[in-house]
Amino acid sequence: MEFKTPGQHKRVEDFAAHWKLIAPELGCDLELEGGSGPLGQAFELPGRTIGNRWAIHPMEGWDGTPDGLPSENTLRRWQRFGMSGAKLIWGGEAVAVSADGRANPNQLYLNPKADSAAGLALLRETLLSAHVSSGMETKDLYIGLQLTHSGRFARPGAAGPQPRIAYRHPVLDARVGVDSDAALLSDAELDDLIELYVAGARAAASAGYDFVDVKCCHGYLLHELLGAKTRGGPYGGSFENRTRFFRRTVSAIRAECPGLDVVVRVSIGDLHPFSPGAEHRGEPLGWREHLPYRFGFGVSEEDPREIDLGESIEFLRMLSDHDIRLVNLTLGSPYYNPHLQRPAAYPPSDGYQPPEDPLHQVAEHIRVVRQCRSAVPELAYVGTGYTYLQEWLPNVAQHEVGAGHVDFVGLGRMVLSYPDLPRDVLSGERIARKKVCRTFSDCTTGPRNGLPSGCYPLDEHYKKTPDAKTLKQIKEQPG
Ligand SMILES: Cc1cc2nc3c(=O)[nH]c(=O)nc-3n(C[C@H](O)[C@H](O)[C@H](O)COP(=O)(O)O)c2cc1C
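Here the sequence shown is numbered in the numbering used here, starting from 172 and rising by one per residue.
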């Protein structure tokens, strides 16, 4: 490793100097202000108060039952989300709207043969009661459910990938075993899928959720549709067509569930897929062969090694025009550019060594949110990609919220190892360094190898399991 990780800095001043070298225009507060500072301030949405500026990102655990219902481990994760102190619970985790839309056989899904709404209600109640038993009130808690179809990355059973794609991709097709048009979803199949999203929203509403996230990120189906420039018909080609499925889905949900808010988590920028290159470092290999690059959303057509926010900003304006008030911005995909999607010091087993100091990608997330927020200030924004900041996460988070660059700071991997970080920060406690996520990526390597996710290095609950031993053996294998 040729870079110093944030955890190797013992003093915030040293980290701030490193951060300044990476991103001179970004900042880091040297003093934390606790609950009276920016992170403790309530946020007003029309008709709704959210108690503070911490969000919990959706984090699935590959640990649902074969019927698509929550297991003990799923409930434990949501219980920890509830005791975190964060007041915005963005989706809990991705719940597939159909069995064939699951990204793995253990993903939660809307199963017409099981009582999915009861399972979703139990998750929400578990979260609420953990919040109350940790001494917090619930009236300023805003809880949603993330609805998904995994599209290209569908893997619903033991048989392996069963991709359903929006368009043929020159690099990703081979990665998921697509060699013909048979995997393409037809327009009629997409039309039918809208009803499944509505059924998912109905289940969320009946289980008491405040909102649903019509997920458009990380390479899954609705994200892929946003980039379906080479597709013909009503769902491909022009920006208008590529956003049609999303718009129709949102309208249909609203018509059926008038009391339910609709929000979106979107990969607002993207890059050409990366592969291991020299010394197993990630590189966007072969990008020149595919110019002009018409295979994604938020990626430059001239140089797909660069994010292009032109259409992304158009998309955000469209959200505002459609009365969507809250967005969660993320970048890329954990399948084809994980260094961007979840910056880490140590790659997952199907990844590659970081191409550069991962703080560059954290900075990219923060910059993109700043640009989007200043272009479309009517929306409220949740930022992503903060976990790699490690013990200095609260300092950067406080800076961004305090300066008005972002409205909420979301926690992904950090919440698996250190669920009560928001509470500690708000009550002015010192950060518990032993609980800080060091981005070993075991929470991704586990599921990539058929194991449940969880923080194997730091969470005793996972550390002691036979799965932890299996994971260790997998990581010791050469190659
Ligand atoms: C184990 C694991 C599960 C995840 N599950 C989801 C999910 O269900 N939905 C989603 O939108 N993102 C999911 N993500 C991505 C995270 O929400 C988040 O974007 C990512 O970890 C980067 O944020 P961080 O730097 O705080 O970890 C997952 C990430 C991990 C590591």
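Glycine included, C-beta positions come from ideal geometry on N, C-alpha and C.
In this text the structure is predicted, and so the values were computed from the model without any measurement.
Inset, instruction - Kindly indicate the opening and closing residues of the beta strand (DSSP E) around Glu215. - result: Position 44 of the sequence shown, counted from the start, is the residue given in the question as residue 215. Boundaries of the beta strand (DSSP E) harbouring Glu215: Phe214 to Leu216, taken from the DSSP string.
Legend entry - beta-carbon His394 near ligand 1 non-hydrogen atom, thresh 7 Å: Taking the first residue of the sequence shown as 1, we reach residue 394 at position 223. No.
Inset, instruction - Could you name the residues of the same chain whose beta carbon sits closer than 8 Å to that of Thr405, not counting the 5 residues immediately before and after it, in chain order? - result: Looking up residue 405 in the sequence shown gives position 234. The displayed chain sequence assigns Pro, not Thr, to residue 405. Same-chain partners within the cutoff: Asp358, Asn412 and Arg415.
Inset, instruction - Taking only the alpha-carbon atoms, compute the straight-line gap between Pro565 and Asp578 and give it to the nearest angstrom. - result: Numbered from its first residue, the sequence shown carries residue 565 at position 394. Numbered from its first residue, the sequence shown carries residue 578 at position 407. Looking at the two C-alpha atoms, the distance is approximately 14 Å.
Legend entry - Nearest residue (CA-CA) to Gly503, options Pro444, Glu473 and Arg496: In the sequence shown, residue 503 corresponds to position 332, counting from 1. Closest by alpha carbon: Pro444.
Inset, instruction - Please specify which runs of the alpha helix (DSSP H), each continuous and at least 4 residues long, are wholly inside the region 381-431, giving them in chain order. - result: Fully contained in the region 381-431 are the following alpha helix (DSSP H) runs of length 4 or more, in chain order: 392-397, 410-413 and 415-427.
Inset, instruction - Run the CB neighbour count on Leu201, radius 10 Å, all protein chains shown included, and call it buried at 16 or more, exposed below. - result: Against the sequence shown, residue 201 aligns to sequence position 30. Exposed.
Legend entry - Buried versus exposed, by CB contacts within 10 Å (16 or more), Ala370: Translated into positions along the sequence shown, residue 370 becomes position 199. Burial call: buried.
Inset, instruction - Taking Leu582 as part of the beta strand (DSSP E), name the residues at either end of that continuous run. - result: What you label residue 582 is simply residue 411 of the sequence shown in a count that begins at 1. For Leu582, the enclosing beta strand (DSSP E) stretches over residues Phe579 to Leu582.
Inset, instruction - For the beta strand (DSSP E) containing Leu502, list its first residue and its last residue. - result: Numbered from 1 along the sequence shown, position 331 holds the residue referred to as residue 502. Boundaries of the beta strand (DSSP E) around Leu502: Leu497 to Leu502.
Inset, instruction - Note down the Cα distance separating Val498 from Cys388, rounded to an integer number of angstroms. - result: Taking the sequence shown and counting its residues from 1, the one referred to as residue 498 is at position 327. Taking the sequence shown and counting its residues from 1, the one referred to as residue 388 is at position 217. Computed Cα separation, rounded: 12 Å.
Legend entry - Exposed unless 16 or more other CB atoms sit within 10 angstroms - verdict on His510: For the purposes of this step, residue 510 is taken as residue 339 along the sequence shown, with counting starting at 1. That one is buried.
Inset, instruction - Indicate, with yes or no, if ligand 1 has a heavy atom lying under 7 Å from the CB of Cys543. - result: Working through the sequence shown from its first residue, we reach residue 543 at position 372. The nearest non-hydrogen atom of ligand 1 is 7 Å or more from the C-beta of Cys543.
Legend entry - At least 3 beta-carbon pairs within less than 8 Å: the region 240-252 vs the region 292-305: Yes, they touch.
Inset, instruction - Measure the C-alpha to C-alpha separation of Gly398 and Thr309 and round it to an integer number of angstroms. - result: For the purposes of this step, residue 398 is taken as residue 227 along the sequence shown, with counting starting at 1. For the purposes of this step, residue 309 is taken as residue 138 along the sequence shown, with counting starting at 1. Those two C-alpha atoms are separated by around 39 Å.
Legend entry - Exposed unless 16 or more other CB atoms sit within 10 angstroms - verdict on Val303: Translated into positions along the sequence shown, residue 303 becomes position 132. By the neighbour-count definition (other C-beta atoms within 10 Å, threshold 16), Val303 is an exposed residue.
Legend entry - Closest by C-alpha distance to Leu490, when choosing among Ile260, Lys191 and Val433: Taking the first residue of the sequence shown as 1, we reach residue 490 at position 319. Residue Val433 is the option with its Cα nearest to Leu490.
Inset, instruction - Using only the heavy atoms of ligand 1, determine whether one of them is closer than 7 Å to the beta carbon of Cys614. - result: Taking the first residue of the sequence shown as position 1, residue 614 is located at position 443. Indeed, a heavy atom of ligand 1 lies less than 7 Å from the Cβ.
Legend entry - Gln333 beta carbon less than 8 Å from that of Asp384: One-based indexing of the sequence shown puts residue 384 at position 213. One-based indexing of the sequence shown puts residue 333 at position 162. No, these two residues do not count as a Cβ contact at 8 Å.
Inset, instruction - For the alpha helix (DSSP H) containing Gly617, list its first residue and its last residue. - result: Counting from one through the sequence shown, the residue named residue 617 turns up at place 446. Unbroken alpha helix (DSSP H) run through Gly617: Asp613 to Arg619.
Inset, instruction - Taking Leu364 as part of the alpha helix (DSSP H), name the residues at either end of that continuous run. - result: Working through the sequence shown from its first residue, we reach residue 364 at position 193. Residues Asp358 to Ser377.
Legend entry - Distance CB(Phe367)-CB(Val437) smaller than 8 Å: Within the sequence shown, numbered from 1, the residue matching residue 367 stands at position 196. Within the sequence shown, numbered from 1, the residue matching residue 437 stands at position 266. The sequence given here has Leu at residue 367, not Phe. For the pair Leu367 and Val437, the CB atoms are not nearer than the 8 Å cut-off.
Inset, instruction - Identify, in the order they occur along the chain, each residue of the same chain with its Cβ nearer than 7 Å to the Cβ of Glu604, setting aside the five sequence neighbours on each side. - result: Taking the sequence shown and counting its residues from 1, one reaches residue 604 at position 433. What sits at residue 604 in the sequence shown is Arg, not Glu. In chain order, Glu562 place their CB closer than 7 Å to the CB of Arg604, counting only its own chain and leaving out the 5 sequence neighbours on each side.
Inset, instruction - Please name the residue or residues paired with Glu600 in a DSSP beta bridge. - result: Residue mapping note: residue 600 aligns to position 429 of the sequence shown, counting from 1. DSSP lists no partner for Glu600.
Inset, instruction - Compute every distance between the C-beta of Leu210 and the non-hydrogen atoms of ligand 1, then say whether any falls below 7 Å. - result: By 1-based counting over the sequence shown, the position of residue 210 is 39. For ligand 1, not one heavy atom lies less than 7 Å from the Cβ of Leu210.
Inset, instruction - Report yes or no: do the region 580-598 and the region 221-235 share at least 3 C-beta pairs separated by less than 8 Å? - result: Judged by Cβ distances under 8 Å, the region 580-598 makes contact with the region 221-235, as three or more pairs qualify.
Inset, instruction - Ignore the nearest five residues each way along the sequence and tell me which others in Arg465's own chain have a CB closer than 7 Å to its CB. - result: What you label residue 465 is simply residue 294 of the sequence shown in a count that begins at 1. These residues qualify, in order along the chain: Lys400, Thr401 and Glu472.
Inset, instruction - Within 10 angstroms of the Cβ of Leu462, are there 16 or more other Cβ atoms? Answer buried if so, exposed if not. - result: The sequence position of residue 462 within the sequence shown is 291, counting from 1. Answer is exposed; the Cβ neighbour count stays below 16.
Inset, instruction - Quick one: grab the DSSP three-state call for Gln317. - result: In the sequence shown, residue 317 corresponds to position 146, counting from 1. Shown here, Gln317 sits in a strand according to DSSP, grouped into three states.
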